[in-house]
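Have a look at the structure below before the remarks.
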Amino acid sequence: MPVFDDSEAFSAAVPLSRRAMAARPASYLDDLNPAQREAVETRDGPVLMLAGAGTGKTKALTTRIAHLLNTGAARPNEILAVTFTNKAAREMKERVARLLGESVEGMPWLGTFHAICVKLLRRHAELVELTSNFTILDTDDQVRLMKQLIVAAGIDEKRWPARQLAGVIDNWKNRAWTPDAVPAAEAGAFDRRAVALYAAYQQRLQTLNAVDFGDLLLHVVTIFQRHEDVLAQYRRWFRYILVDEYQDTNVAQYLWLRLLAGGHHNICCVGDDDQSIYGWRGAEVGNILRFEKDFPGAKVIRLEQNYRSTPHILAAASGVIAANKGRLGKTLWTDLEEGEKVRLIGHWDGEEEARWIGEELESLGHGTRGMQAIGLDDCAILVRASHQMRAFEDRFLTIGLPYRVIGGPRFYERMEIRDAMAYFRLAIGPADDLAFERVVNTPKRGLGDKAQQKIQVAARANGVSLVEGARILLQAGEVGGKGGKALAELIAGIDRWALMVRRVDCNHVELAEQILDESGYTAMWQNDKTPEAPGRLENLKELIKALEGFDNLQGFLEHVALIMDNETEGDEAKVTLMTLHGAKGLEFPAVFLPGWEDGLFPNQRAMDESGLKGLEEERRLAYVGITRAERLCTISFAANRRVYGQWQSQLPSRFIDELPEEHVEVLTPPGLYGGGFGAAAAPFGGSHMDDRASRADVYNSPGWKRMQSRGAARGMAQPKEARNTVIDLAAVSAFATGDRVFHSKFGYGTVTGIEGDKLEIAFDKAGLKNVVSRFVVPAASADDVPF
Ligand code: ATP
Ligand code: MG
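Residues in the sequence shown are numbered from 818 upward in steps of one, following my numbering.
Have a look at this one:
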């Protein structure tokens, strides 16, 4: 096969001149400010746009692509444009088409690093001794392979788990180190045999004609480094290179770009050092800071006008990021209308936070807050850790508020949650064969396919469930050894849990914890050294927390079954739930940022692992979060969260202290927690609060103490009822008694009572009725609402 076949991607059939001749007056240039225009019109040579959030970097980059096409400087297939996600790539293509007023055929090289590298590698697989139909392994396959190698090398897999090796190797690949390039100082892990294992792993992949994700880049870099002719060809083909979110490129990606741009230097990178949030995955913010050195004579363009966020939002974000050391520092301004201040609210606990946000979302849709109505599609809730989503998902399902989770499975679809629930199902109904199959060998009990088949056969032969089939096998002594012992323990456990669940005095929350402990499931993740394991443990804790809202395990499982059945499909408007990391580059009219508490955000693990560096990356995440908001930004924290089965009082995030006070409105309704909480919720330590200058004082305040003792009095078993007695619900409702309201069916009326989200309303025509508050709007705004 020739090295350079002429695939459609490089077809010369699209006449370059057609566009050039037809080049229309570029009206899209009129939508740019002078600096953006310069970035677009500087056709050749290196260009760096280094600018803060929302200043139109992505817009300028997109327009630059359109301009290159419109002026005939390049054909669609001669532009290499790298974005961070597939979603961003799709959007960019659409935007280019809109700018040009026609669909853009081609653009095969607009995509993520990985997507582009797959294409390149398929063309040149033989240069790294693969064939072009290689398979791409997922993480599970990858780990299984490594495990075999570890065992074959006689290394104790318990001490050096395969997942840890996967992490180490991935890290090396991010730095573009092939096995022979790993520096000696790095090679300590796995009894100093990690490098040998890495080499063996690569060898094995090659035999299997397979690659993992890290290889996609690494192999292409290797090809470019070893085959000058190939590199030269691509340098000619990719006449223009454009990169978005350059601050988050890792070393391998950086080398790849530098190699490709090495000839013509027609590379345009855009980014923001303040938004570098993937250091933990090998991103090097230094790449962007080194650009001018790498590409001498680079034109560096700074954009200062922010078009996305109102002044208060922008000032709040700038205030927070100012606390980071070693940043380039930027000026940002906006001429948008002043708008609302960033809102800050403290809640009693996480459930309360979810309830409040749910109500806010409903009232925003009706424009009840005196601002232009904001639809659910316009709203996003951005969390630091995925386990935070659970409270929101539960709440939204309860009130029927449509939502979508972007960038990950919904809470109850997560592997560890499904595993845990399979154990709960077995306690309730030991004959649940599907549940049994799911967990019989999770954690590993030495019950492989063969043993499981035996159980199946025994169950079928005797017409009983798998648990009973297993019992028969054990009694007949047909499953012996380690597996037999572990199976006997599992069956005994199921019997025990089934008895306990039926007791009238069963505390189902404790039982659930006990099941996860006794089955070895919790320990499985505690012993797991992979980066995902702590997150999975947090999700399990969150699951236990969710159980508290129910009377028993059965009720909870029914709730989840209903949730899973409740897939909202179609085009209806939905609020978006996603992580801060996933929200990079996006914008929403209204953004909610919950869980701003020390330990949760900034995340304790990030700080423990990387110290000040970790804290600064967390702060950049805070900056990314706030700057996603266009018109409304709401930050919240809870005073209590359950951690390890205990109520723990939380400190508001240190980032809250860093918000400039004049741009923040503290929303906590006075009287909600007693007057003293006003002080606790007003988070700004420092000069303006002479009489309660420090946070320590705030937490010694009578209001805070009152809250604490209420927490104790409330008890753990029945938080819901207790909460109702503590909190004056009327204070957090969007309505007050006496308010005039309008209901689509019953017409006008006056609120006479409020309980949670239910209102008692004396309707002028329909009489006294109880209705859910989201179905009514204030009478004054009724005319604006399209029912
Ligand atoms: P981030 O750092 O978050 O990725 P960004 O710098 O890439 O932000 P964009 O997403 O390109 O910013 O632009 C932010 C918003 O401002 C978009 O809605 C965009 O359409 C708008 N915008 C950008 N430039 C201009 C301009 N010159 N005139 C009007 N609106 C603009
Ligand atoms: Mg952008």
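We treat Cβ as the ideally placed atom computed from N, Cα and C, and that holds for glycine.
- Task: Reducing DSSP to helix, strand and coil, say where Ser1453 ends up.
- Result: Reduced to three states, the DSSP call for Ser1453 is strand.
- Taking Cβ positions, are Met1395 and Val1159 nearer each other than 8 Å? no
- Do the CB positions of Ser1336 and Gly1298 come within less than 8 Å of each other? no
- Three-state secondary structure assigned by DSSP to Met924: coil
- Contact the stretch 987–1001 vs the stretch 1094–1104: 3+ CB pairs below 8 Å: yes
- Cβ neighbours of Leu1161 in the same chain (closer than 6 Å, five flanking residues each side left out): Ile1452, Val1481 and Val1483
- Message: Can you list, in chain order, the residues of its chain with a C-beta nearer than 8 Å to that of Ile953? Leave out the 5 residues immediately preceding and following it.
- Response: Val935, Ala1027, Val1028, Asp1029, Phe1030 and Leu1033
- Message: Please return the same chain residues whose Cβ sits closer than 8 Å to the Cβ of Ile1234, not counting the five positions on each side in sequence.
- Response: Phe1228, Asn1356, Leu1357 and Leu1360.
- Roughly how many whole angstroms lie between the Cα atoms of Ser1093 and Lys1116? Straight through space, the alpha carbons of Lys1116 and Ser1093 are spaced by roughly 22 Å.
- Out of Arg1207, Lys1346 and Ala1202, which has the shortest C-alpha to C-alpha gap to Ala1400? Ala1202
- Does the ligand MG have a heavy atom nearer than 7 Å to the CB of Pro1402? Checking the sequence shown, residue 1402 turns out to be Gly, not Pro. Yes, the ligand MG has a heavy atom inside 7 Å of this Cβ.
- State the Cα-Cα distance for the pair Val1296 and Asp1345, rounded to the nearest angstrom. 28 Å
- Message: With a threshold of 7 Å on Cβ separation, who are the neighbours of Gly1555 within its own chain once the five nearest residues in sequence on each side are excluded?
- Response: Thr1567 and Val1568
- Under three-state DSSP, which class holds Cys1196? strand
- Using the rule of at least 16 other Cβ atoms within 10 Å of the residue's Cβ for burial, across every protein chain shown, is Gly1431 buried or exposed? Gly1431 should be labelled buried.
- Any chance the CB of Arg1144 is under 7 Å from a heavy atom of the ligand ATP? no
- Item | Range of the contiguous beta strand (DSSP E) that encloses Gly1570 | Gly1564 to Glu1572
- Query: Considering only C-alpha positions, which residue in the set Trp1413, Ala906 and Thr1339 is nearest to Glu1170?
  - Reply: Trp1413
- Query: Quick one: what does DSSP say Trp1054 is sitting in, helix, strand or coil?
  - Reply: Under the three-state reduction of DSSP, Trp1054 is assigned to helix.
- Ala1439: which of Glu908, Lys975, Asp1091 and Val1037 sits nearest, CA to CA? Asp1091
- Message: Is it buried or exposed, Asn1324, if we count other Cβ atoms within 10 angstroms and call 16 or more buried?
- Response: exposed
- Item | Top-ranked residue by Cα proximity to Gly1103, from Pro1128, Trp1073, Gly1143 and His1129 | Gly1143
- Message: To the nearest angstrom, how far is the alpha carbon of Phe1253 from that of Ala1276?
- Response: 12 Å
- Task: Indicate the three-state DSSP secondary structure (helix, strand or coil) for Tyr1220 in the structure shown.
- Result: Strand.
- Item | Alpha-carbon spacing of Arg860 relative to Val1087, whole angstroms | Each residue's Cα considered, the two are about 15 Å apart.
- Report all residues from its chain with a CB closer than 6 Å to the CB of Asp1508; omit the five preceding and five following residues, and keep chain order. Here Asp1508 scores only 29 on pLDDT, less than 50, and its place in the model should not be relied on; the value that follows carries that caveat. Short of 6 Å from the beta carbon of Asp1508, and not among the five residues preceding or following it, lies no beta carbon of its own chain.
- Task: Going by CA-CA distance only, name the one from Leu1014, Val857 and Ile1443 that's closest to Pro978.
- Result: Leu1014
- Query: What is the DSSP secondary structure of Gln981, reduced to helix, strand or coil?
  - Reply: Helix at Gln981.
- For Gln1042 versus Ile1105, is the C-beta spacing smaller than 8 Å? no
- Task: State the CB to CB distance for the pair Gly873 and Leu1120, rounded to an integer number of angstroms; the pair is presumed to be in contact (CB under 8 Å).
- Result: In this structure Gly873 is in contact with Leu1120, their Cβ atoms being roughly 6 Å apart against a cut-off of 8 Å.
- Query: Alpha carbon to alpha carbon, what distance is there between Thr1259 and Thr948?
  - Reply: 36 Å
- Task: For Ala852, I'd like the list of residues in its chain whose CB is within less than 6 Å of its CB, leaving aside the five on either flank, ordered along the chain.
- Result: Its chain contains Ile1118 and Leu1120 as the residues whose beta carbon lies nearer than 6 Å to that of Ala852, once the 5 sequence neighbours on both sides are disregarded; these appear in chain order.
- Message: Let me make sure I understand the geometry here. Which of Gln1269, Glu1447, Gly1372 and Glu1365 has the alpha-carbon closest to that of Ile1191?
- Response: Glu1447
- DSSP three-state assignment for Thr1039, whether helix, strand or coil: helix
- Task: Confirm, please, whether the CB-CB distance from Ile1245 to Val1284 is below 8 Å.
- Result: No, these two residues do not count as a Cβ contact at 8 Å.
- Determine the direct distance from the alpha carbon of Tyr1018 to that of Leu962, and round the result to whole angstroms. 8 Å
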